[in-house]
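There are 2 protein chains.
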Amino acid sequence: MDQRKRSISKVQEIVQALEVDIVIGRLYPREHLVEEQLARRFDTTRHVIRQAIVELDAAGLVVREANKGASVCEYSPDEVNQLYTVREILERQAALMIQFPIDQPAFNTLEKIRAAHAAAVESSDMMTIVATNKTFHQQLFSLCGNQFLSEIINDMAKRSNLVRFTTSTSKDYLRQVVVEHSQILDALAAGDQQRLALLCVEHLQPSRRMYLERKGPLT
Amino acid sequence: MDQRKRSISKVQEIVQALEVDIVIGRLYPREHLVEEQLARRFDTTRHVIRQAIVELDAAGLVVREANKGASVCEYSPDEVNQLYTVREILERQAALMIQFPIDQPAFNTLEKIRAAHAAAVESSDMMTIVATNKTFHQQLFSLCGNQFLSEIINDMAKRSNLVRFTTSTSKDYLRQVVVEHSQILDALAAGDQQRLALLCVEHLQPSRRMYLERKGPLT
DNA sequence: GTGAAATAAATTGTTGACAATATTCCGTGG
DNA sequence: CCACGGAATATTGTCAACAATTTATTTCAC
Numbered sequence: 000m001d002q003r004k005r006s007i008s009k010v011q012e013i014v015q016a017l018e019v020d021i022v023i024g025r026l027y028p029r030e031h032l033v034e035e036q037l038a039r040r041f042d043t044t045r046h047v048i049r050q051a052i053v054e055l056d057a058a059g060l061v062v063r064e065a066n067k068g069a070s071v072c073e074y075s076p077d078e079v080n081q082l083y084t085v086r087e088i089l090e091r092q093a094a095l096m097i098q099f100p101i102d103q104p105a106f107n108t109l110e111k112i113r114a115a116h117a118a119a120v121e122s123s124d125m126m127t128i129v130a131t132n133k134t135f136h137q138q139l140f141s142l143c144g145n146q147f148l149s150e151i152i153n154d155m156a157k158r159s160n161l162v163r164f165t166t167s168t169s170k171d172y173l174r175q176v177v178v179e180h181s182q183i184l185d186a187l188a189a190g191d192q193q194r195l196a197l198l199c200v201e202h203l204q205p206s207r208r209m210y211l212e213r214k215g216p217l218t
Numbered sequence: 000m001d002q003r004k005r006s007i008s009k010v011q012e013i014v015q016a017l018e019v020d021i022v023i024g025r026l027y028p029r030e031h032l033v034e035e036q037l038a039r040r041f042d043t044t045r046h047v048i049r050q051a052i053v054e055l056d057a058a059g060l061v062v063r064e065a066n067k068g069a070s071v072c073e074y075s076p077d078e079v080n081q082l083y084t085v086r087e088i089l090e091r092q093a094a095l096m097i098q099f100p101i102d103q104p105a106f107n108t109l110e111k112i113r114a115a116h117a118a119a120v121e122s123s124d125m126m127t128i129v130a131t132n133k134t135f136h137q138q139l140f141s142l143c144g145n146q147f148l149s150e151i152i153n154d155m156a157k158r159s160n161l162v163r164f165t166t167s168t169s170k171d172y173l174r175q176v177v178v179e180h181s182q183i184l185d186a187l188a189a190g191d192q193q194r195l196a197l198l199c200v201e202h203l204q205p206s207r208r209m210y211l212e213r214k215g216p217l218t
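So the sequence lines, in the order shown, correspond to chains A and Z.
In this text, residue positions in the first sequence follow numbering that gives the first Met the number 0: the first is 0, and each later residue adds one.
In this text, residue positions in the second sequence follow numbering that gives the first Met the number 0: the first is 0, and each later residue adds one.
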């Protein structure tokens, strides 16, 4: 599915860089993406930036308006709620589809990623935290055996990054994430599918709650 | 969500035209999309085509390879199976999320679309069949109240169009589709949620079966 | 001083040409 | 006859300049 990741490399590079920018908060929701400005920043041409923005739009991270350019997507509290609801459904389903026992190499990979993530948290290396966290979940849910479900889950995770990292930079929170990753791996190793599904859903709740509290109650 | 539909209209026009091309079989799986060729065909520039292709890639309808361009996506029998599995999960879930009773205007709209679809089937107007069928399902699943779930369902439906219309051109089949749409509306009107969910899942089976039979058994 | 129209600046949208890469075709040597 | 290499072709990737549109600023009337 993602064999196209490496292709069209220059544009793809910018896309990923901009994703990181959005995730770590260098770009805020509603912030306008000015093409020439970005072209200078990434030392490239407007054309490349432009194409990258098209892809970000397709991924649901920015919105474009005719003759007005693109700006970082901002979701309303209601939309955030809906987003997390979908993620719960999808991730729970994926967890329940995993065939046990899982093979050892896959598990070892997961454990390695988890450790790298934990280390990054301790050294407060935001870039690595984001990258390893993303990889962890990708690897985890790829175990469900359905590439489409796995892909959708990734897409939705990307979108919730739009709202997540503005709220989740405290070390306490990040350490809790690490703990929950461990619990998930425990359930995986034990082959306890119901518990795994529950943990995956629970894993989504802190960031959901934090965001909604910050933004105030619904309606 | 889809407020961006009307923006960057020229590109979007081409995207939809190409989607139709793929769906009605003017473009075959694995067929190469040559930019200049398409530019002449749609009487526009390569740049517009190029951008349209980027969006088709993001939608999962074509695959791009560096310096080699794009070609219509071809799914293996295994992938088709996975695709339909996801669709079952999503559509069943959406059906179960619909809040009853649904409001009358929405239902009337659905009934109108259903009728238009039925008429198109009788007159064998492929273009209209495709359009109304798509609209029917979009309208139906938008009732679930979750725009993200609704969007994902549409995305997956688009992808299965890649394999569907090569198998489903017989009038008998299309009439069966019409019947099933009526049954779905009946369940909606009756507020029978369980039956609705079942019908939605069943509605996916004929095309799934037809494809897999044609391609032979799995593995 | 306020509001509206006109002007200026900034930004996006479009185009054509050129460069880099891949594919095809043909001829040569084995 | 087949395999290999190299030129010719086709196709994609990149760039810079220009046009159209939106946004900000200034000016003028009241």
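In this text, a Cβ means the ideal position worked out from N, Cα and C, and glycines have one as well.
Does the separation of the CB atoms of residue i and residue j fall below 7 Å?
| i | j | result |
| --- | --- | --- |
| Z/Asn153 | Z/Gln137 | yes |
| A/Val162 | A/Val71 | no |
| Z/Gln37 | Z/Ile48 | Just to set this straight, residue 37 of chain Z is Leu in the shown sequence, not Gln. Yes. Within cutoff. |
| Z/Ala188 | Z/Leu198 | no |
| A/Val10 | A/Ala51 | yes |
| Z/Leu203 | Z/Tyr74 | no |
| Z/Leu17 | A/Val85 | no |
| A/Ala223 | A/Ala196 | Any question about residue 223 of chain A goes unanswered here, given that chain A covers just 0 to 218. |
| Z/Lys214 | Z/Pro28 | no |
| A/Arg45 | A/Glu30 | no |
| A/Asn145 | Z/Gln81 | yes |
| Z/Val177 | A/Val53 | no |
Looking at the structure shown, is residue i part of a helix, part of a strand, or coil, going by DSSP?
| i | result |
| --- | --- |
| Z/Ala93 | helix |
| A/Arg45 | helix |
| Z/Arg25 | coil |
| A/Leu211 | helix |
| A/Ile101 | coil |
| Z/Met134 | The sequence shown places Thr at residue 134 of chain Z, not Met. If DSSP states are grouped into helix, strand and coil, Z/Thr134 belongs with the helices. |
| A/Leu195 | helix |
| A/Glu54 | helix |
| A/Asn145 | coil |
| Z/Asp124 | coil |
| A/Thr168 | coil |
| A/Ser206 | helix |
| A/Ser75 | coil |
| A/Glu18 | helix |
What does DSSP give as the partner residue(s) for residue i in the beta ladder?
| i | result |
| --- | --- |
| Z/Leu32 | Z/Ala69 |
| A/Glu179 | In DSSP, A/Glu179 forms no bridge with anything. |
| Z/Val62 | Z/Ser70 |
(request) Could you tell me whether the region 75-95 of chain A touches the region 137-151 of chain A, using the rule of 3 or more Cβ pairs below 8 Å? (result) yes
Contact the region 170-187 of chain A vs the region 110-118 of chain A: 3+ CB pairs below 8 Å = yes
Notebook entry, point to check: How do the region 59-66 of chain A and the region 94-105 of chain A stand: do at least 3 beta-carbon pairs fall below 8 Å, yes or no?
Noted result: no
| query | Which residues, in chain order, does the region 64-98 of chain A contribute to contact with chain Z at a C-beta distance below 8 Å? | reply | So the close ones are Glu64, Ala65, Glu78, Gln81, Leu82, Thr84, Val85, Ile88 and Gln92.
Exercise. Please list the residues of the region 25-55 of chain Z that have a C-beta atom closer than 7 Å to any C-beta atom in chain A, keeping them in chain order.
Key: Gln50, Val53 and Glu54
| task | Report the residues of the region 122-148 of chain A with a CB closer than 7 Å to any CB of chain Z, ordered along the chain. | result | Asn145, Gln146, Phe147 and Leu148
- Task: Identify each residue in the region 184-214 of chain A for which the Cβ-Cβ distance to at least one residue of chain Z is less than 7 Å, and report them in chain order.
- Result: none
Under 8 Å, with one C-beta from each stretch per pair, do the region 23-43 of chain Z and the region 119-127 of chain A reach the 3-pair mark? In the pairwise beta carbon analysis, the region 23-43 of chain Z is classified as not touching the region 119-127 of chain A: fewer than three pairs are separated by under 8 Å.
If the cut-off is 9 Å on Cβ atoms, which residues from the region 151-182 of chain Z count as contacting chain A, listed in chain order? Of all residues in the region 151-182 of chain Z, only Ile151, Asp154, Met155 and Arg158 place a beta-carbon less than 9 Å from a beta-carbon of chain A.
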